[in-house]
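A.B. asks:
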Amino acid sequence: MSLFSKKPLPGQSDSANNGAVIKTMQDDLDAINGVIYQEDAPLQQNPSVINQDGTHKQTFINQNPFINNEQAVDTVSSSDTYAHATPLPVSTSNISIQPQTSSSSKIIIPAIILVVLVSIGGIYYFITTRETPTEAPSIEEQIVTKDSHAIDEQEMLTLFSTETPNYLPIDANNSTPQTLQTTLLQTAKQVAALNSATPIEFIITDTNNTPIPFASFAQLSGIQLSQATLAALSENFSLFIYTSDQTPRIGLSIEFRDKNAIQAAMKQDEATLVQGLSPLFLNDTPTKTTATFSNGIYKNISLRYNNIHPETGLSVDYATTTTYLIIGTSMKTHHALLDIVR
618 MSLFSKKPLP GQSDSANNGA VIKTMQDDLD AINGVIYQED APLQQNPSVI NQDGTHKQTF
678 INQNPFINNE QAVDTVSSSD TYAHATPLPV STSNISIQPQ TSSSSKIIIP AIILVVLVSI
738 GGIYYFITTR ETPTEAPSIE EQIVTKDSHA IDEQEMLTLF STETPNYLPI DANNSTPQTL
798 QTTLLQTAKQ VAALNSATPI EFIITDTNNT PIPFASFAQL SGIQLSQATL AALSENFSLF
858 IYTSDQTPRI GLSIEFRDKN AIQAAMKQDE ATLVQGLSPL FLNDTPTKTT ATFSNGIYKN
918 ISLRYNNIHP ETGLSVDYAT TTTYLIIGTS MKTHHALLDI VR
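With my numbering applied, the sequence shown covers 618 to 959.
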């Protein structure tokens, strides 16, 4: 067989090619395979073939001269072929399924643990190191503390008047010298807290607010005076409490009946007068009980005095005014009474 066969060029007749025919290797292969060459012939398509499972496939003749036609057959199955396909079994014996851990969980859980630990540590530190705070006094408390002394004075002024006599009731039926002295001592302490510049006057009464006569008071308190002195005195009297050198002292103002009679009786009683007036000393004990009295004068008023405890200022002073016998248990107390009682 010759390598070249007569084949006109596309678009030209044999006469145009001057009787020359070009034969290619493709032509020889087509001749062997029984393919008849046609100019511009379409790709040959084999009839549709039905598979045993009912699917269709199309076969196309590959024009590649270097591949066997049987191997060049391309099978195209319709979509329902894959729908009826049986999946291959997959062995899972060697497959280990690892649980999926969220990355956010890996962050949140340690953060929560850290917060709990810090909170516990903070609470422990607070409990072990805290100190009970001292509350600052409020403005009202500061005012009360600052003016407590002034408030006490106001209360005392309400309790005790400095202008009019105050009533001091005692149980005349059950009172004894000891209980009466206790009452006088407690009242004297209250007056001393007032620190009044003037003597505080009291009228001794019974539980019905009836004034007690001086003779009855002398008997109840333990005061001892001669009958001549008691006879020269009236029933009306007042008891005074005066703070002298921060020490409360007692004084008496007793109305008398006859001035000459009371002056003579008191001079007769001077030998026992210190002991007789001792219930008025408010627990202060005289160091001298037999000392003699001396004459004195205060604002043109003649007086008699006996300093029975110079260290504490305790003394027995007495004088007569126009109406009253004035007795004081200290010099300052006696002078203060002479200033207000005439």
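Every residue, glycine too, gets a C-beta built ideally from N, C-alpha and C.
None of these values were measured; they are calculated from a predicted model.
(1) Between I943 and A936, how many whole angstroms is the CB-CB distance? I'm expecting something under 8 angstroms.
(2) On the criterion of 16 or more Cβ atoms from any shown chain inside 10 Å, does L802 qualify as buried, or is it exposed?
(3) Residues bridged to S861 by DSSP?
(4) Could you check whether E872 and T804 sit closer than 9 angstroms to each other, using their CB atoms as the reference points?
(5) Relative to the C-alpha of P828, which candidate in S855, T864 and T938 has its C-alpha closest?
(6) Less than 6 angstroms between C-beta atoms, sequence neighbours within five positions excluded: which residues of the same chain meet that for S815?
(7) Bridge partners for E887 per DSSP, in chain order?
(8) Using DSSP with H/G/I as helix, E/B as strand and the rest coil, what is I943?
(9) What first and last residue would you give for the beta strand (DSSP E) that runs through T950?
(10) Taking all protein chains shown into account, do 16 or more other C-beta atoms lie within 10 angstroms of the C-beta of M618, making it buried, or fewer, making it exposed?
(11) For chain D, is any of its Cβ atoms less than 9 angstroms away from the one on N912?
(12) What's the C-alpha gap between S870 and P927?
(13) Mark L955 as exposed unless 16 or more other C-beta atoms lie within 10 angstroms of its C-beta, in which case mark it buried.
(14) With three or more beta-carbon pairs closer than 8 angstroms as the criterion, would you say the region 883-901 touches the region 776-791?
(15) With 16 as the cutoff for other CB atoms within 10 Å, does E818 come out buried or exposed?
(16) Quick check on this structure: which residue in T946, I918 and Q841 has the alpha carbon closest to the alpha carbon of Y859?
(17) Closest to Q841 by CA distance: which of P903, D934, T889 and T906 is it?
(18) Name the two residues that bound the continuous alpha helix (DSSP H) containing F831.
(19) Around the C-beta of N934, are 16 or more other C-beta atoms found within 10 angstroms, so that it is buried, or is it exposed?
(20) Identify, in the order they occur along the chain, each residue of the same chain with its Cβ nearer than 8 angstroms to the Cβ of Y915, setting aside the five sequence neighbours on each side.
(21) Check the C-beta distance from F831 over to L850 and give it rounded, since I have them as a contact under 8 angstroms.
(22) Relative to the C-alpha of A810, which residue among T864, L931 and L646 is closest?
(23) I need the boundaries of the alpha helix (DSSP H) containing P896, first residue and last residue.
(24) Leaving out five residues before and five after K876 in sequence, what residues of the same chain have Cβ atoms less than 7 angstroms from its Cβ?
(25) What first and last residue would you give for the alpha helix (DSSP H) that runs through T794?
(26) May I have the straight-line CA-CA distance separating I724 from L731, to the nearest angstrom?
(27) Helix, strand or coil: which one does DSSP assign to P816?
(28) Nearest by alpha-carbon distance to T902: which of T775, R921, R866 and P782 is it?
(29) Taking the alpha carbon of L797 as the reference point, which residue from L899, R959 and I957 has its own alpha carbon closest?
(30) Residues bridged to V933 by DSSP?
(31) Compare the Cα-Cα distances from A848 to each of G868, R874, I729 and D823 and report the closest residue.
(32) Within 10 Å of its beta-carbon, does V735 have 16 or more other beta-carbons around it, so buried, or fewer, so exposed?
(33) Closest by CA to D862, which one among Q836, L931, T824 and I918?
C.D. replies: Based on what the coordinates show:
(1) 5 angstroms
(2) exposed
(3) Answer is T864, bridged to S861.
(4) Cβ distance not < 9 angstroms, so T804 and E872 don't count as in contact.
(5) S855
(6) Checking the sequence shown, residue 815 turns out to be Thr, not Ser. Answer for T815: T779, listed in chain order.
(7) For E887, which the question treats as bridged, DSSP gives no partner whatsoever.
(8) strand
(9) Counting along the chain, T950 falls outside any beta strand (DSSP E), though it belongs to the alpha helix (DSSP H) covering M948 to I957.
(10) At M618, the pLDDT of 46 sits below 50, so the modelled position is not reliable and the matter cannot be decided from this model.
(11) Going by chain labels, chain D is absent from the structure shown, which holds only one protein chain.
(12) Rounded to the nearest angstrom, the two C-alpha atoms are 24 angstroms apart.
(13) buried
(14) Contact between the region 883-901 and the region 776-791 is absent, because fewer than three Cβ pairs lie under 8 angstroms.
(15) buried
(16) Of T946, I918 and Q841, the smallest CA-CA separation from Y859 is found for T946.
(17) T889
(18) F831 to S838
(19) In the sequence as displayed, the identity of residue 934 is Asp instead of Asn. Its Cβ being crowded by 16 or more others within 10 Å, D934 is buried.
(20) If we look at Y915 and ignore the five residues flanking it on each side, its Cβ neighbours are A936, H951, H952 and L955.
(21) About 6 angstroms separates the two Cβ atoms, so the contact holds.
(22) T864
(23) From DSSP, P896 is part of no alpha helix (DSSP H); its letter is neither H nor E.
(24) T937
(25) With the sequence shown as reference, residue 794 is identified as Pro, and Thr is not the correct amino acid for it. Annotation: the continuous alpha helix (DSSP H) that includes P794 extends over P794 to L811.
(26) 11 angstroms
(27) coil
(28) R866
(29) It is L899 whose Cα lies nearest to the Cα of L797.
(30) N923
(31) R874
(32) By the neighbour-count definition (other C-beta atoms within 10 Å, threshold 16), V735 is an exposed residue.
(33) L931
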